[in-house]
Each structure stands twice: as C-alpha cells, then as structure tokens.
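Single-structure report; data block below.
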Amino acid sequence: MSQAAVFDQLVVGEVVAERELLLTRDSLVRYAGASGDFNPIHYRDDFAQSVGLPGVLAHGMLTMGVAGSVATEWLGAAGWVQDFQSRFTRPVPVDAQAGAAITVTATVGALDSEARTARIDLKVVFDGSTVLGKAQLVAAFA
Amino acid sequence: MVNPDIQGRVYPETAPYLVGREKVREFARAVQSESPLHFDPAAARAAGFSDVIAPPTFAVTVQESTLAQLLADDEAGVDFSRVVHGDQRFSYSRPIVAGDELTATLTITAVKQLRGHSMVTASSEIVDESGAHVVTAISTLVVRGEDAA
Numbered sequence: 001m002s003q004a005a006v007f008d009q010l011v012v013g014e015v016v017a018e019r020e021l022l023l024t025r026d027s028l029v030r031y032a033g034a035s036g037d038f039n040p041i042h043y044r045d046d047f048a049q050s051v052g053l054p055g056v057l058a059h060g061m062l063t064m065g066v067a068g069s070v071a072t073e074w075l076g077a078a079g080w081v082q083d084f085q086s087r088f089t090r091p092v093p094v095d096a097q098a099g100a101a102i103t104v105t106a107t108v109g110a111l112d113s114e115a116r117t118a119r120i121d122l123k124v125v126f127d128g129s130t131v132l133g134k135a136q137l138v139a140a141f142a
Numbered sequence: 001m002v003n004p005d006i007q008g009r010v011y012p013e014t015a016p017y018l019v020g021r022e023k024v025r026e027f028a029r030a031v032q033s034e035s036p037l038h039f040d041p042a043a044a045r046a047a048g049f050s051d052v053i054a055p056p057t058f059a060v061t062v063q064e065s066t067l068a069q070l071l072a073d074d075e076a077g078v079d080f081s082r083v084v085h086g087d088q089r090f091s092y093s094r095p096i097v098a099g100d101e102l103t104a105t106l107t108i109t110a111v112k113q114l115r116g117h118s119m120v121t122a123s124s125e126i127v128d129e130s131g132a133h134v135v136t137a138i139s140t141l142v143v144r145g146e147d148a149a
C-alpha cells in the first residue's frame, strides 16, 4: 500500500499510485446497473458488432471511474476531488472470458502551494496503448 | 447532422435526485474503489463530511437525466445510435454526499461541425436543495455523420 497523501511531501513527476485492474463482463454489467447506462454495446456482442464494433466495449466512464478510484484511494481523507476530466481516445474491448487487464498510473502533474491543490495525471494503458487522453484530477488538500 | 441552432439552449431544471447511501456504495464498488469514505459513514464524518461521499464520476448518474432531455429534443436532431462520448469533465464546489437532493440544468454551450461529424458540448450545472452549486458536469458528444468515415 502507498503511504497516505501529504501535500507538503508531494513532488512533481512522482508516481503516487499504480494498480493493475481487470475489467470483466461482470464489471460492465455492475457498472451499467450502478450508473444507469444500459447501452447494449456494453453487454451484447451481437449488438456491438451490428454497429461496426469488434465486440463489447467498456464504458468510457467506467474506465475513467476506475482510474479515479486509484487516485482517490491514494488521497484518502487528506483531500477531495475538485476537478476530474478525461478524453476518451481509444475503446477498451472486453473479452468474454479473459476480460481486459488495464494498468493505471497516477503521477503528480502540478502543484499549487497557495491553493494547496495537486494535479494528478492518470495514465491508463490497455494492450500496450493509452486509452484515455488528458486524464487529470485536481485534489484539494485541507 | 445536429441542429446548430441549439447552441445556447437551456433546458428546464430536472426533477430532484436524492443521493442514497447504498447507491453511493454500489457505484463505488462498480468503479472498484475501496476508499472507506464511500462506504463507512463514520470514516466520512471523521473526514468532515455528513455522510459517505460519492466517487468523483458519480455525478454522471445525475447528469444522465439532462442528456436524456437533449436526446428527446426533436429539434436538436441527435441520433443516439451515432453518439460517441468524446470527453467528460466534472468541476466540483464540494463532494456529493449521501442525503443530497440534487437538481440539474442543462445548457448546450457549443455545437461544432468537424469533418462531417457534429460535436455537441453539453454542460449540466448541478445544485443542492438550497440552490448552492455542487458540480458542473460537461460532456462533449460526438455525433458521427452519415457520410463521414
């Protein structure tokens, strides 16, 4: 486990959290229910293929959400998330049996010592490629 | 093609969304978070919040009813089967907490045409029961054109 976040000890460029996660069809169904996004491209291969996709894809918001979780688990009670943004640059196909293994790396991107905010840059990699663009979260510390 | 005249359109405020503690827990599990602030009211209170706080992307569940307004607007001409989520941003004044009753107001801030696709920027301002700002959720939806690659 990483140490609890302490603002005054943060250094730009430092990796503060790294985690490998598995997205399975189970994860997609669970996220569909939790979020209310029931687009069938996230649970039906036949439907996904009928609209020109290789098969079922993870929700972009699920990928963004799990990346955010890596950062908020590191942050703990030391602060709260003021801003979180991402571009959805590449789809994540989720194999029915193997799922999709993704790695999330959280790096300190910038610090504002007056506002006591830290920008955390999130890199999400699937199958050797980055799937989110400009995934940045701003944490406000007490 | 999306109707460019919807740029600047403001939709009616949505019905209040009551944030339930179990819904926050369900969402936190779905995004594979193990932070106690999403699960344990005592831990959340110790951190200065009145109840469990929602993960930062939770606002999408409240925003969803505003995007439904856009999709249901015949004048907008957004074909849902051609929509791809381009980007997303959440800007918070404070975290969402279980017990919040939230309403959202959608404004279409931009409609652009690019290489046969339409890019619609939808900004949903979400406020609590006192009217105080909680979060603004901004989505760019890419609506693929019929002739575009």
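Quick mapping for you: the protein sequence lines, in order, are chains A and B. With my numbering, the residue at position 136 of the first sequence is 136, and numbering never jumps. With my numbering, the residue at position 48 of the second sequence is 48, and numbering never jumps. In this text, a Cβ means the ideal position worked out from N, Cα and C, and glycines have one as well.
When DSSP labels each residue in this structure, what does residue i get in the three-state scheme?
| i | result |
| --- | --- |
| residue 50 of chain A | helix |
| residue 8 of chain A | helix |
| residue 39 of chain B | coil |
| residue 1 of chain A | At residue 1 of chain A, the pLDDT of 44 sits below 50, so the modelled position is not reliable; the number obtained from the coordinates is stated separately. The answer is coil: DSSP assigns residue 1 of chain A none of H, G, I, E or B. |
| residue 69 of chain B | helix |
| residue 42 of chain A | helix |
| residue 92 of chain B | strand |
| residue 109 of chain A | strand |
| residue 37 of chain A | coil |
| residue 20 of chain A | strand |
| residue 139 of chain A | strand |
| residue 118 of chain A | strand |
| residue 93 of chain A | strand |
| residue 27 of chain A | helix |
| residue 45 of chain B | helix |
| residue 2 of chain B | coil |
| residue 14 of chain A | coil |
| residue 145 of chain B | coil |
| residue 81 of chain B | helix |
| residue 111 of chain B | strand |
For the beta strand (DSSP E) holding residue i, just list the boundary residues, first then last.
| i | result |
| --- | --- |
| residue 29 of chain B | Taken as a continuous stretch (DSSP letters only), residue 29 of chain B belongs to no beta strand (DSSP E), being part of the alpha helix (DSSP H) at 21-30. |
| residue 128 of chain B | First-last for residue 128 of chain B: undefined, no H or E at that position. |
| residue 81 of chain A | 79-88 |
So with CB distances below 9 Å, who are the chain B contacts of residue i?
| i | result |
| --- | --- |
| residue 73 of chain A | 33, 34 and 35 |
How would you list, in chain order, the residues of chain A whose beta-carbon sits under 9 Å from the beta-carbon of residue i?
| i | result |
| --- | --- |
| residue 27 of chain B | 31, 34, 35 and 65 |
| residue 117 of chain B | The contacting residues do not exist; residue 117 of chain B stays about 14 Å from chain A at best. |
| residue 89 of chain B | 83, 84, 85 and 86 |
| residue 95 of chain B | 80 and 81 |
| residue 81 of chain B | 51 |
| residue 46 of chain B | 77 |
| residue 17 of chain B | Result: empty, since nearest Cβ-Cβ is about 11 Å, beyond 9 Å. |
So residue i contacts chain B; which residues on that side make the cut at Cβ distance below 8 Å?
| i | result |
| --- | --- |
| residue 137 of chain A | 56 |
What span of residues does the alpha helix (DSSP H) with residue i cover, start to end?
| i | result |
| --- | --- |
| residue 99 of chain B | Run containing residue 99 of chain B: none; DSSP gives neither H nor E here. |
| residue 66 of chain A | 60-75 |
Let me confirm a value: residue i is counted as buried when at least 16 other C-beta atoms fall within 10 Å, else exposed. Which label applies?
| i | result |
| --- | --- |
| residue 118 of chain B | buried |
| residue 85 of chain B | buried |
| residue 130 of chain A | exposed |
| residue 16 of chain A | buried |
| residue 56 of chain B | buried |
| residue 57 of chain A | buried |
Would you mind telling me which residues of chain A sit closer than 7 Å to residue i, beta carbon to beta carbon, in chain order?
| i | result |
| --- | --- |
| residue 161 of chain B | Because residue 161 of chain B is not part of the residues shown, which for chain B are 1 to 149, the question remains open. |
Residues of chain A with CB closer than 8 Å to the CB of residue i, please, in chain order.
| i | result |
| --- | --- |
| residue 30 of chain B | 27, 30, 31, 33, 34, 35, 62 and 65 |
Practice item. Below 8 Å between beta carbons is the criterion; list the residues of the segment 76-92 of chain A that meet it against any residue of chain B, in chain order. Key: Per Cβ criterion, the list reads 76, 77, 80, 81, 82, 83, 84, 85, 86, 87 and 88.
Review point. Using a Cβ cut-off of 8 Å, which residues of the segment 44-68 of chain A contact any Cβ in chain B, in chain order?
Key: So the close ones are 51, 60, 61, 62, 64, 65, 66 and 68.
Review point. Name the residues in the segment 19-30 of chain A whose C-beta lies less than 8 Å from a C-beta of chain B; which are they?
Key: Only those residues of the segment 19-30 of chain A whose C-beta falls short of 8 Å from the nearest C-beta of chain B are listed: 21, 27 and 30.
Review point. Relative to chain A, which residues along the segment 120-145 of chain B have a C-beta separation below 7 Å, given in chain order?
Key: Only those residues of the segment 120-145 of chain B whose C-beta falls short of 7 Å from the nearest C-beta of chain A would be listed, and there are none.
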